[in-house]
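Numbering (our numbering), first residue to last: 1 to 305. Just so you know, even glycine gets a beta-carbon here, dropped at the ideal spot from N, CA and C. As the structure is a computational prediction, the values presented were derived from the model and not from experiment. Okay, so here's the structure we're looking at.
Structure representation (structure tokens):
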């Protein structure tokens, strides 16, 4: 069963079986109205909603999908019978939601479900708006990578997780060689095209679990979870090679680009600040030693073209 649901849909409560059911529905609706005001995060919002539906209607699973925003959330275990709604508010598409359970839904239960959906619509719209604002605040508009603020938050979190689960964590600091000369020669528009090209190469070369950010100017950083020094050096060298083998066709000319990379790996004596500073020092060693090379912090070895 599939419907388009908006908060103005008419609910015929007289179709609900008895007064006790209406009282219980009113109680849950009031409770949900309060609960859903307590968070602007989408997953906790849906988790609160799902919890109330489980008690009232024996819902087994909730699945929310918003393709436009690349959101997919699944709660519970899918059962045989389902009902599906496309959610809208003031002509704004809010995604779709599916509920499943073991028994078929009767008309009275669908009315109750749709009544409660009315309490979710505006909190969901607010949560989506908040998510978009947060993404814009943490996203570099030129490259679509995370920005420095997002990196500062992520490195603290990744160091904590590596400590807690006794896992490896490495960091790459990457700088485009002679970028000022590129800007001076070809103009800032060409420089922007090169920044986007390098960002695309970083994304194409790294793993889905790696976290890539534009730190500022022509500098990028990558957090490599569950990666030791050797693994990080291999990934760094692969990045260096891939960038060097790419010619960027700017509006002014075809431009060859290289990068220098510093690598550091977390140890028991490091915090997030030290992990970054060690990689940054290694980067400057790479630049001082000729550029277009990889240097590994605290080690004598280096990789170069």
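Worksheet entry | Rounded distance between the beta-carbons of residue 47 and residue 75, thought under 8 angstroms | 6 angstroms
Worksheet item: Roughly how many angstroms lie between the CA atoms of residue 170 and residue 98, to the nearest whole one?
Response: 40 angstroms
Practice prompt. Would you mind listing the beta strand (DSSP E) stretches within the stretch 233-280 that are 3+ residues and don't spill past its ends, in chain order?
Written response: 247-249, 254-256 and 259-265
Worksheet entry | Continuous beta strand (DSSP E) stretch holding residue 162: start and end | Element bounds for residue 162: not the beta strand (DSSP E) but the alpha helix (DSSP H), 148-164.
Practice prompt. If I'm right that residue 263 touches residue 229 with Cβ under 8 angstroms, what's the distance once you round it to whole angstroms?
Written response: 7 angstroms
Worksheet item: Where does residue 103 sit, in a helix, a strand or coil, going by DSSP?
Response: coil
Discussion item. Quick check on this structure: which residue in 215, 249 and 245 has the alpha carbon closest to the alpha carbon of residue 152?
Written reply: 215
Worksheet item: For residue 227, which residues from the same chain have a beta carbon less than 6 angstroms from its beta carbon, with the 5 sequence-adjacent residues on both sides left out?
Response: 168 and 170
Item to complete: Name the residue from 295, 42, 53 and 37 whose alpha carbon lies nearest to the alpha carbon of residue 24.
Response: 53
Item to complete: Compute the beta-carbon to beta-carbon distance between residue 250 and residue 292, rounded to the nearest angstrom, for a pair I have assumed lies under 8 angstroms.
Response: Actually they are not in contact, since the Cβ atoms of residue 250 and residue 292 sit about 20 angstroms apart, beyond 8 angstroms.
Practice prompt. Check whether the Cβ atoms of residue 199 and residue 283 sit closer than 8 angstroms, and answer yes or no.
Written response: no
Discussion item. Does residue 240 pass the burial test, meaning 16 or more other C-beta atoms within 10 Å, or should it be called exposed?
Written reply: buried
Item to complete: Say whether the stretch 118-132 touches the stretch 86-95, bearing in mind that this needs 3 or more beta-carbon pairs closer than 8 angstroms, one atom from each stretch.
Response: yes
Discussion item. Using C-beta distances below 6 angstroms, list every residue in its chain close to residue 140, excluding the 5 sequence neighbours before and after it, in chain order.
Written reply: 147 and 214
Practice prompt. Reducing DSSP to helix, strand and coil, say where residue 10 ends up.
Written response: Residue placement at residue 10 is flagged as unreliable, the pLDDT there being 40, under the threshold of 50; the coordinate-derived value follows with that caveat. Coil, per DSSP.
Discussion item. For a test of the three-state rule: what should DSSP assign to residue 231, helix, strand or coil?
Written reply: helix
Worksheet entry | Per-residue burial, residue 175 [other beta carbons within 10 Å of its own, 16 or more giving buried] | buried
Practice prompt. Just mark residue 2 as buried or exposed, buried being the case when its beta carbon has 16 or more other beta carbons within 10 Å.
Written response: In this predicted model, residue 2 has a pLDDT of only 46, less than 50, meaning its place in the structure is not dependable; the value taken from the coordinates is given anyway. Exposed, by the Cβ-count rule.
Worksheet item: Is residue 221 closer than 8 angstroms to residue 142 when the C-beta atoms are compared?
Response: no
Worksheet item: Hey, would you say residue 62 sits closer than 8 angstroms to residue 119, going by beta carbons?
Response: no
Worksheet item: Going by alpha carbons, who is nearest to residue 39 out of 242, 178, 156 and 129?
Response: 129
Fill in: Within 8 angstroms, strictly: CB atoms of residue 149 and residue 160
no
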